[in-house]
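All remarks here apply to the structure that follows.
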Amino acid sequence: MDTLRDAEFTIIGGGAIGCAVAYHLAEAGYTDVQLLEAGELAGATTSKAAGLVGQVRTSAERTRLAMASVRLFTDFARRTGYPVDWRQTGSIRIAYTEPREQEFHRMAAVAESVGLGVEFLAPARLAELVPGIDTSRVRAALHCPTDGYLQPHSLTTAYARAARDRGVRLVPHAPVRGIAVRDGAVCGVRTDAGEIRTETVINAAGPWAHRIAAMVGLDLPIVPVRHQYYVTEPVDGWHPELPVLRIPDARLYVRAEISGVLCGGWEANADSRDPRELTGGGLWPCPPDWDVLAGFAGDLAELLPGTAEAGPREVFRGWPAFTPDGRFVVGPVPGLRGFVFAAGCNAHGVSGSAGLAEHVLASMRPDPSPYVASLSPRRFMSADWTWAQAEHAARGVYQDYYAGLAAAAQGG
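Everything in the sequence shown is counted per the UniProt record's numbering, starting at 1 for the first residue and increasing by one.
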(Lines of atoms letter the chains of each structure in order from A; the text may use other names.)
(Lines give C-alpha, C1' and ligand atoms only; values in the text may rest on other atoms or scores of the structure.)
Protein backbone atom coordinates (compact mmCIF):
# COMPACT_ATOMS: atom_id res chain seq x y z
CA MET A 1 0.00 0.00 0.00
CA ASP A 2 0.97 3.67 -0.05
CA THR A 3 2.62 6.02 2.41
CA LEU A 4 0.88 8.96 4.03
CA ARG A 5 1.36 12.38 2.46
CA ASP A 6 -0.41 15.68 1.80
CA ALA A 7 -3.49 15.49 -0.43
CA GLU A 8 -6.20 17.66 -1.90
CA PHE A 9 -8.87 15.11 -0.93
CA THR A 10 -8.60 12.84 2.12
CA ILE A 11 -11.24 10.13 2.50
CA ILE A 12 -11.59 8.68 5.99
CA GLY A 13 -12.91 5.13 5.93
CA GLY A 14 -11.93 2.17 3.77
CA GLY A 15 -15.25 0.36 3.53
CA ALA A 16 -17.51 0.09 0.50
CA ILE A 17 -18.56 3.75 0.64
CA GLY A 18 -15.08 5.19 1.11
CA CYS A 19 -13.58 3.06 -1.65
CA ALA A 20 -16.50 3.83 -3.97
CA VAL A 21 -16.00 7.56 -3.40
CA ALA A 22 -12.27 7.18 -4.06
CA TYR A 23 -12.96 5.39 -7.34
CA HIS A 24 -15.56 7.93 -8.47
CA LEU A 25 -13.33 10.90 -7.63
CA ALA A 26 -10.56 9.37 -9.72
CA GLU A 27 -12.95 8.60 -12.56
CA ALA A 28 -14.11 12.23 -12.47
CA GLY A 29 -10.54 13.39 -13.04
CA TYR A 30 -9.37 14.29 -9.54
CA THR A 31 -5.68 13.43 -9.31
CA ASP A 32 -4.74 14.10 -5.68
CA VAL A 33 -6.88 11.73 -3.61
CA GLN A 34 -5.87 9.75 -0.54
CA LEU A 35 -7.89 7.23 1.49
CA LEU A 36 -7.12 6.53 5.14
CA GLU A 37 -8.32 3.40 6.92
CA ALA A 38 -7.76 2.64 10.61
CA GLY A 39 -7.38 -1.09 9.96
CA GLU A 40 -7.59 -3.16 6.79
CA LEU A 41 -9.71 -2.15 3.82
CA ALA A 42 -13.21 -3.68 4.00
CA GLY A 43 -12.40 -4.99 7.45
CA ALA A 44 -15.11 -3.39 9.60
CA THR A 45 -18.86 -2.99 8.98
CA THR A 46 -18.52 -3.77 5.27
CA SER A 47 -17.16 -7.22 6.09
CA LYS A 48 -20.30 -8.00 8.10
CA ALA A 49 -22.78 -7.05 5.36
CA ALA A 50 -25.02 -9.63 3.70
CA GLY A 51 -24.47 -8.01 0.30
CA LEU A 52 -28.09 -7.86 -0.87
CA VAL A 53 -28.74 -5.51 -3.79
CA GLY A 54 -32.37 -4.54 -4.30
CA GLN A 55 -33.65 -1.88 -6.68
CA VAL A 56 -37.38 -1.92 -5.91
CA ARG A 57 -38.15 1.12 -3.75
CA THR A 58 -41.04 3.45 -3.12
CA SER A 59 -39.44 6.54 -4.63
CA ALA A 60 -38.02 7.15 -8.06
CA GLU A 61 -34.88 8.72 -6.58
CA ARG A 62 -33.96 5.72 -4.46
CA THR A 63 -34.79 3.34 -7.31
CA ARG A 64 -32.49 5.22 -9.68
CA LEU A 65 -29.70 5.18 -7.09
CA ALA A 66 -29.95 1.40 -6.76
CA MET A 67 -30.14 0.98 -10.53
CA ALA A 68 -26.92 2.99 -10.89
CA SER A 69 -25.20 0.62 -8.48
CA VAL A 70 -26.41 -2.45 -10.37
CA ARG A 71 -25.17 -1.03 -13.68
CA LEU A 72 -21.74 -0.47 -12.17
CA PHE A 73 -21.55 -3.91 -10.53
CA THR A 74 -22.54 -5.58 -13.79
CA ASP A 75 -20.02 -3.66 -15.88
CA PHE A 76 -17.17 -3.18 -13.41
CA ALA A 77 -14.86 -5.92 -14.66
CA ARG A 78 -15.10 -4.70 -18.24
CA ARG A 79 -14.44 -1.10 -17.20
CA THR A 80 -11.61 -1.74 -14.77
CA GLY A 81 -10.28 -5.26 -15.18
CA TYR A 82 -11.32 -6.16 -11.64
CA PRO A 83 -14.22 -8.61 -11.29
CA VAL A 84 -16.83 -8.26 -8.58
CA ASP A 85 -18.39 -11.40 -7.09
CA TRP A 86 -21.82 -10.18 -8.19
CA ARG A 87 -24.66 -12.63 -8.85
CA GLN A 88 -27.65 -11.23 -10.68
CA THR A 89 -30.04 -13.87 -9.39
CA GLY A 90 -33.11 -11.69 -9.20
CA SER A 91 -35.10 -11.13 -6.03
CA ILE A 92 -38.63 -11.79 -4.85
CA ARG A 93 -40.57 -9.75 -2.32
CA ILE A 94 -43.20 -11.85 -0.56
CA ALA A 95 -46.36 -10.41 0.99
CA TYR A 96 -48.43 -12.18 3.63
CA THR A 97 -50.99 -9.39 4.14
CA GLU A 98 -53.27 -7.24 2.02
CA PRO A 99 -51.63 -3.92 3.03
CA ARG A 100 -48.25 -5.32 2.01
CA GLU A 101 -49.68 -6.53 -1.28
CA GLN A 102 -50.99 -3.01 -1.95
CA GLU A 103 -47.57 -1.59 -1.09
CA PHE A 104 -45.99 -3.95 -3.62
CA HIS A 105 -48.30 -2.64 -6.33
CA ARG A 106 -47.23 0.92 -5.53
CA MET A 107 -43.59 -0.13 -5.65
CA ALA A 108 -44.14 -1.85 -8.98
CA ALA A 109 -45.62 1.34 -10.38
CA VAL A 110 -42.57 3.32 -9.26
CA ALA A 111 -40.26 0.72 -10.79
CA GLU A 112 -42.04 0.81 -14.10
CA SER A 113 -41.99 4.62 -14.13
CA VAL A 114 -38.18 4.63 -14.18
CA GLY A 115 -37.71 1.66 -16.50
CA LEU A 116 -37.02 -1.08 -13.95
CA GLY A 117 -38.61 -4.35 -15.01
CA VAL A 118 -40.67 -6.18 -12.38
CA GLU A 119 -43.44 -8.78 -12.44
CA PHE A 120 -45.89 -10.45 -10.08
CA LEU A 121 -45.48 -14.21 -9.86
CA ALA A 122 -48.20 -16.82 -9.74
CA PRO A 123 -47.82 -19.36 -6.89
CA ALA A 124 -46.75 -22.11 -9.28
CA ARG A 125 -43.98 -19.95 -10.74
CA LEU A 126 -42.85 -18.92 -7.25
CA ALA A 127 -42.58 -22.59 -6.30
CA GLU A 128 -40.48 -23.24 -9.41
CA LEU A 129 -38.02 -20.48 -8.52
CA VAL A 130 -37.69 -21.24 -4.79
CA PRO A 131 -37.15 -24.90 -3.81
CA GLY A 132 -39.31 -26.12 -0.96
CA ILE A 133 -41.27 -22.90 -0.43
CA ASP A 134 -44.66 -23.09 1.28
CA THR A 135 -46.88 -20.71 -0.69
CA SER A 136 -50.00 -21.16 1.45
CA ARG A 137 -49.62 -17.78 3.22
CA VAL A 138 -48.31 -15.86 0.22
CA ARG A 139 -50.69 -13.18 -1.08
CA ALA A 140 -48.27 -11.64 -3.57
CA ALA A 141 -44.76 -12.18 -4.88
CA LEU A 142 -43.03 -9.29 -6.67
CA HIS A 143 -40.07 -10.38 -8.80
CA CYS A 144 -37.23 -8.14 -9.99
CA PRO A 145 -35.02 -10.22 -12.32
CA THR A 146 -32.09 -7.77 -12.30
CA ASP A 147 -31.60 -7.70 -8.52
CA GLY A 148 -29.06 -9.94 -6.84
CA TYR A 149 -26.32 -10.07 -4.24
CA LEU A 150 -22.57 -9.73 -4.00
CA GLN A 151 -19.70 -10.45 -1.67
CA PRO A 152 -18.90 -7.09 -0.01
CA HIS A 153 -15.17 -7.74 0.37
CA SER A 154 -14.93 -8.49 -3.35
CA LEU A 155 -16.68 -5.23 -4.25
CA THR A 156 -14.62 -3.08 -1.90
CA THR A 157 -11.36 -4.63 -3.05
CA ALA A 158 -12.32 -4.04 -6.68
CA TYR A 159 -13.16 -0.38 -5.97
CA ALA A 160 -9.85 0.05 -4.15
CA ARG A 161 -7.72 -1.57 -6.85
CA ALA A 162 -9.41 0.41 -9.62
CA ALA A 163 -9.02 3.63 -7.64
CA ARG A 164 -5.33 2.95 -7.05
CA ASP A 165 -4.81 2.29 -10.76
CA ARG A 166 -6.22 5.78 -11.32
CA GLY A 167 -3.82 7.42 -8.89
CA VAL A 168 -5.59 7.22 -5.52
CA ARG A 169 -3.28 6.52 -2.59
CA LEU A 170 -4.55 3.90 -0.13
CA VAL A 171 -3.17 4.08 3.40
CA PRO A 172 -4.35 1.33 5.79
CA HIS A 173 -3.48 1.20 9.49
CA ALA A 174 -3.71 4.99 9.75
CA PRO A 175 -6.32 5.79 12.42
CA VAL A 176 -7.29 9.45 12.45
CA ARG A 177 -6.76 11.24 15.77
CA GLY A 178 -7.61 14.81 14.86
CA ILE A 179 -8.62 17.21 12.10
CA ALA A 180 -7.19 20.72 11.89
CA VAL A 181 -9.41 23.68 11.03
CA ARG A 182 -8.22 27.21 10.29
CA ASP A 183 -10.37 30.24 9.41
CA GLY A 184 -13.46 28.10 8.91
CA ALA A 185 -11.81 25.55 6.63
CA VAL A 186 -10.29 22.11 7.02
CA CYS A 187 -6.52 22.29 6.61
CA GLY A 188 -5.04 19.06 7.96
CA VAL A 189 -5.43 15.59 9.44
CA ARG A 190 -3.46 14.00 12.28
CA THR A 191 -3.03 10.22 12.27
CA ASP A 192 -0.95 7.63 14.07
CA ALA A 193 1.23 7.58 10.95
CA GLY A 194 1.83 11.34 10.98
CA GLU A 195 0.21 14.65 10.07
CA ILE A 196 -0.79 15.84 6.62
CA ARG A 197 -2.18 18.94 4.98
CA THR A 198 -5.43 18.54 3.10
CA GLU A 199 -8.14 20.76 1.62
CA THR A 200 -11.10 18.40 1.84
CA VAL A 201 -11.98 15.58 4.23
CA ILE A 202 -14.71 13.13 3.22
CA ASN A 203 -16.15 11.36 6.24
CA ALA A 204 -16.99 7.81 5.14
CA ALA A 205 -16.24 6.26 8.51
CA GLY A 206 -19.46 4.24 8.97
CA PRO A 207 -20.20 3.70 12.69
CA TRP A 208 -17.22 5.97 13.49
CA ALA A 209 -18.67 8.85 11.44
CA HIS A 210 -19.88 10.68 14.55
CA ARG A 211 -16.44 10.42 16.14
CA ILE A 212 -14.76 11.84 13.03
CA ALA A 213 -17.32 14.66 12.85
CA ALA A 214 -16.73 15.50 16.51
CA MET A 215 -13.11 16.27 15.63
CA VAL A 216 -14.35 19.42 13.87
CA GLY A 217 -16.91 20.28 16.54
CA LEU A 218 -19.96 18.66 14.94
CA ASP A 219 -22.52 16.58 16.81
CA LEU A 220 -24.68 14.68 14.31
CA PRO A 221 -27.04 11.80 15.17
CA ILE A 222 -25.39 8.94 13.31
CA VAL A 223 -26.25 5.96 15.50
CA PRO A 224 -24.72 2.44 15.44
CA VAL A 225 -27.48 -0.19 15.64
CA ARG A 226 -26.80 -3.89 16.03
CA HIS A 227 -27.59 -6.16 13.09
CA GLN A 228 -27.07 -9.90 12.80
CA TYR A 229 -27.71 -12.77 10.44
CA TYR A 230 -26.72 -16.42 10.19
CA VAL A 231 -25.85 -19.03 7.57
CA THR A 232 -27.21 -22.56 7.88
CA GLU A 233 -25.69 -25.91 7.16
CA PRO A 234 -26.47 -27.18 3.61
CA VAL A 235 -30.15 -27.35 2.66
CA ASP A 236 -31.41 -29.61 -0.14
CA GLY A 237 -31.98 -27.74 -3.37
CA TRP A 238 -30.21 -24.54 -2.38
CA HIS A 239 -27.44 -23.14 -4.56
CA PRO A 240 -25.93 -19.69 -5.28
CA GLU A 241 -28.12 -18.88 -8.30
CA LEU A 242 -31.42 -18.87 -6.40
CA PRO A 243 -33.20 -15.52 -6.05
CA VAL A 244 -32.92 -13.35 -2.96
CA LEU A 245 -36.10 -13.33 -0.84
CA ARG A 246 -37.46 -10.44 1.19
CA ILE A 247 -40.39 -11.11 3.52
CA PRO A 248 -41.31 -7.73 5.03
CA ASP A 249 -44.23 -9.06 7.08
CA ALA A 250 -41.78 -11.35 8.91
CA ARG A 251 -38.95 -8.74 8.89
CA LEU A 252 -36.72 -11.27 7.12
CA TYR A 253 -34.36 -11.47 4.16
CA VAL A 254 -32.98 -14.70 2.73
CA ARG A 255 -30.44 -15.71 0.11
CA ALA A 256 -28.29 -18.70 -0.73
CA GLU A 257 -24.75 -18.92 0.63
CA ILE A 258 -23.12 -21.75 -1.29
CA SER A 259 -25.45 -24.67 -0.41
CA GLY A 260 -26.76 -23.14 2.80
CA VAL A 261 -29.33 -20.46 3.54
CA LEU A 262 -28.35 -17.00 4.75
CA CYS A 263 -31.11 -15.50 6.89
CA GLY A 264 -31.22 -12.15 8.61
CA GLY A 265 -33.85 -9.85 9.95
CA TRP A 266 -34.77 -6.58 11.56
CA GLU A 267 -35.22 -7.01 15.29
CA ALA A 268 -38.41 -5.81 16.91
CA ASN A 269 -36.43 -4.50 19.88
CA ALA A 270 -33.30 -3.04 18.35
CA ASP A 271 -30.08 -2.53 20.29
CA SER A 272 -28.23 0.74 19.64
CA ARG A 273 -25.15 2.45 21.07
CA ASP A 274 -24.25 6.05 21.78
CA PRO A 275 -21.30 6.82 19.45
CA ARG A 276 -20.03 9.43 21.88
CA GLU A 277 -18.77 6.49 23.94
CA LEU A 278 -16.24 5.58 21.25
CA THR A 279 -12.82 6.80 22.32
CA GLY A 280 -10.53 4.32 20.58
CA GLY A 281 -10.56 2.38 17.36
CA GLY A 282 -12.69 -0.61 18.30
CA LEU A 283 -16.45 -0.98 18.37
CA TRP A 284 -18.52 -2.60 21.10
CA PRO A 285 -18.55 -6.37 21.63
CA CYS A 286 -21.34 -8.01 19.67
CA PRO A 287 -21.93 -11.62 20.72
CA PRO A 288 -24.71 -13.56 18.95
CA ASP A 289 -28.16 -13.04 20.42
CA TRP A 290 -29.46 -16.57 20.16
CA ASP A 291 -33.01 -15.68 21.19
CA VAL A 292 -33.29 -13.23 18.30
CA LEU A 293 -31.68 -15.63 15.86
CA ALA A 294 -34.02 -18.43 16.97
CA GLY A 295 -36.94 -16.14 16.17
CA PHE A 296 -35.57 -15.56 12.68
CA ALA A 297 -35.14 -19.32 12.22
CA GLY A 298 -38.70 -20.05 13.30
CA ASP A 299 -40.15 -17.49 10.89
CA LEU A 300 -37.93 -18.82 8.11
CA ALA A 301 -39.11 -22.39 8.68
CA GLU A 302 -42.73 -21.32 8.20
CA LEU A 303 -41.90 -20.22 4.65
CA LEU A 304 -39.17 -22.77 3.93
CA PRO A 305 -39.95 -25.90 6.00
CA GLY A 306 -36.80 -27.63 4.76
CA THR A 307 -34.68 -25.25 6.83
CA ALA A 308 -36.21 -26.35 10.14
CA GLU A 309 -33.53 -28.95 10.83
CA ALA A 310 -30.62 -26.98 9.39
CA GLY A 311 -28.51 -25.63 12.21
CA PRO A 312 -26.51 -22.41 12.03
CA ARG A 313 -23.03 -22.80 10.55
CA GLU A 314 -21.91 -19.22 11.15
CA VAL A 315 -23.28 -16.01 12.66
CA PHE A 316 -22.39 -12.51 11.45
CA ARG A 317 -23.08 -9.34 13.41
CA GLY A 318 -22.01 -5.72 13.41
CA TRP A 319 -22.98 -2.11 14.02
CA PRO A 320 -24.23 -0.37 10.85
CA ALA A 321 -24.96 3.34 11.22
CA PHE A 322 -28.55 4.61 11.16
CA THR A 323 -30.01 8.11 11.17
CA PRO A 324 -33.21 9.29 12.90
CA ASP A 325 -34.99 9.86 9.58
CA GLY A 326 -33.63 6.82 7.75
CA ARG A 327 -31.89 8.94 5.11
CA PHE A 328 -28.25 9.22 4.09
CA VAL A 329 -26.09 12.08 5.31
CA VAL A 330 -24.32 13.34 2.19
CA GLY A 331 -22.56 16.57 1.32
CA PRO A 332 -20.56 19.52 2.61
CA VAL A 333 -21.11 21.06 6.03
CA PRO A 334 -22.50 24.60 5.85
CA GLY A 335 -20.07 27.06 7.39
CA LEU A 336 -17.09 24.68 7.35
CA ARG A 337 -15.24 24.50 4.06
CA GLY A 338 -13.75 21.17 3.14
CA PHE A 339 -15.68 18.77 5.38
CA VAL A 340 -18.01 16.44 3.46
CA PHE A 341 -20.22 13.61 4.73
CA ALA A 342 -20.71 10.21 3.09
CA ALA A 343 -22.33 8.51 6.06
CA GLY A 344 -25.53 7.37 7.74
CA CYS A 345 -26.15 4.62 5.22
CA ASN A 346 -28.91 2.82 7.15
CA ALA A 347 -27.69 -0.63 6.02
CA HIS A 348 -27.56 0.43 2.36
CA GLY A 349 -23.82 1.13 2.29
CA VAL A 350 -22.73 -1.81 0.15
CA SER A 351 -25.74 -2.05 -2.14
CA GLY A 352 -25.99 1.71 -2.65
CA SER A 353 -22.27 2.45 -2.75
CA ALA A 354 -21.99 3.36 -6.42
CA GLY A 355 -25.02 5.61 -6.49
CA LEU A 356 -24.15 7.14 -3.14
CA ALA A 357 -20.63 7.97 -4.34
CA GLU A 358 -22.15 9.77 -7.32
CA HIS A 359 -24.30 11.75 -4.88
CA VAL A 360 -21.21 12.76 -2.91
CA LEU A 361 -19.57 14.17 -6.02
CA ALA A 362 -22.79 15.92 -7.03
CA SER A 363 -23.11 17.48 -3.58
CA MET A 364 -19.75 19.24 -4.01
CA ARG A 365 -20.79 20.94 -7.24
CA PRO A 366 -22.43 24.38 -7.26
CA ASP A 367 -25.86 23.11 -8.31
CA PRO A 368 -26.76 19.75 -6.74
CA SER A 369 -30.24 18.44 -7.47
CA PRO A 370 -32.96 19.12 -4.90
CA TYR A 371 -32.80 15.46 -3.93
CA VAL A 372 -29.05 15.47 -3.29
CA ALA A 373 -29.34 18.80 -1.46
CA SER A 374 -32.00 17.28 0.81
CA LEU A 375 -29.43 14.79 2.13
CA SER A 376 -27.23 17.57 3.51
CA PRO A 377 -26.06 17.36 7.13
CA ARG A 378 -27.70 20.77 7.53
CA ARG A 379 -30.92 19.08 8.60
CA PHE A 380 -29.32 17.85 11.83
CA MET A 381 -27.32 20.96 12.67
CA SER A 382 -29.92 22.53 14.91
CA ALA A 383 -30.33 22.07 18.65
CA ASP A 384 -33.87 20.71 18.52
CA TRP A 385 -32.96 17.06 19.13
CA THR A 386 -31.41 15.12 21.99
CA TRP A 387 -29.33 11.95 21.89
CA ALA A 388 -32.09 10.01 23.61
CA GLN A 389 -34.48 11.08 20.86
CA ALA A 390 -31.93 10.33 18.15
CA GLU A 391 -31.25 6.80 19.37
CA HIS A 392 -34.95 6.09 19.78
CA ALA A 393 -35.70 7.30 16.26
CA ALA A 394 -32.74 5.45 14.71
CA ARG A 395 -33.84 2.22 16.41
CA GLY A 396 -37.31 2.85 15.02
CA VAL A 397 -35.92 3.13 11.49
CA TYR A 398 -34.16 -0.21 12.00
CA GLN A 399 -37.16 -1.94 13.60
CA ASP A 400 -39.52 -0.78 10.86
CA TYR A 401 -36.91 -1.22 8.15
CA TYR A 402 -39.24 -2.56 5.47
CA ALA A 403 -42.22 -0.48 6.55
CA GLY A 404 -39.94 2.53 6.82
CA LEU A 405 -38.72 2.34 3.24
CA ALA A 406 -41.76 4.24 2.12
CA ALA A 407 -40.98 7.20 4.34
CA ALA A 408 -37.20 7.06 4.12
CA ALA A 409 -37.18 6.74 0.36
CA GLN A 410 -38.75 10.15 0.00
CA GLY A 411 -35.42 11.68 0.82
CA GLY A 412 -32.69 9.11 1.11
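Built from N, CA and C at the ideal position, the CB exists for glycine as well. Note that the structure is predicted; figures quoted are calculated from it, not measured.
With respect to the 7 angstroms criterion, Q34 and T58 are not classified as neighbours on the basis of their beta carbons. Under the 10 Å beta carbon count, D147 is surrounded by 16 or more other beta carbons and is classified as buried. Burial is judged here by how many other beta carbons sit within 10 angstroms of a residue's own beta carbon; P320 has at least 16 and is buried.
Using a 10 angstroms sphere on the CB of M381, the tally of other CB atoms stays under 16, which defines it as exposed. Our two residues, P99 and A209, have alpha carbons roughly 36 angstroms apart in a direct line. If you look at V21, you'll find it isn't in any beta strand (DSSP E); it sits in the alpha helix (DSSP H) that goes A16 to E27. Checking the DSSP bridge columns, you'll see N203 partnered with I12 and F341. Counting along the chain, the unbroken beta strand (DSSP E) around P332 starts and ends at V329 to V333.
Just so you know, the alpha carbons of V84 and A124 end up roughly 33 angstroms apart. Take the alpha-carbon of G282 and the one of P248: they are about 32 angstroms apart. Secondary structure at Q399: helix, using DSSP grouped into helix, strand and coil. By the beta-carbon neighbour count (other beta carbons within 10 angstroms, threshold 16), I258 is exposed. Contact between V329 and T323 holds, since their C-beta atoms are separated by about 6 angstroms, short of 8 angstroms. Nearest neighbour of T157 by Cα position, chosen from A42, W290 and L336, turns out to be A42. Between V176 and A394, the gap from beta carbon to beta carbon reaches 7 angstroms or more. Bridge partners of G194 according to DSSP: T191. Listed in chain order, the non-local C-beta contacts of R378 below 6 angstroms within the same chain comprise P334, local neighbours out to five positions each way being set aside. At the C-beta level, V231 and G194 stay beyond 7 angstroms of one another.
Taking 8 angstroms as the upper bound for CB-CB distance, A185 and G338 are in contact here, some 5 angstroms apart. Contact annotation, G318 with C286: C-beta distance approximately 6 angstroms; criterion of less than 8 angstroms satisfied. Contact holds between the region 340-356 and the region 15-22, because three or more Cβ pairs, one in each stretch, are under 8 angstroms apart.
Here DSSP, grouped into helix, strand and coil, assigns V168 to coil. The secondary-structure analysis by DSSP pairs A185 across a beta bridge with R182 and R337.
Shown here for V350: same chain residues with a beta carbon closer than 7 angstroms to its own, the five before and five after excluded, namely A16, T46, A49, G51, P152 and L155 in chain order. Per DSSP, Q34 is one residue of the beta strand (DSSP E) stretching across V33 to L36. Burial is judged here by how many other beta carbons sit within 10 angstroms of a residue's own beta carbon; S369 has fewer than 16 and is exposed.
Residue state for G355 is assigned as helix, using DSSP reduced to three classes. Rounded to whole angstroms, the gap between the alpha carbons of E314 and W266 is 18 angstroms. Minimum Cα-Cα distance from V235 among the listed residues W387, L65 and P131 corresponds to P131.
Where H105 is concerned, the enclosing alpha helix (DSSP H) starts and stops at E98 to S113.
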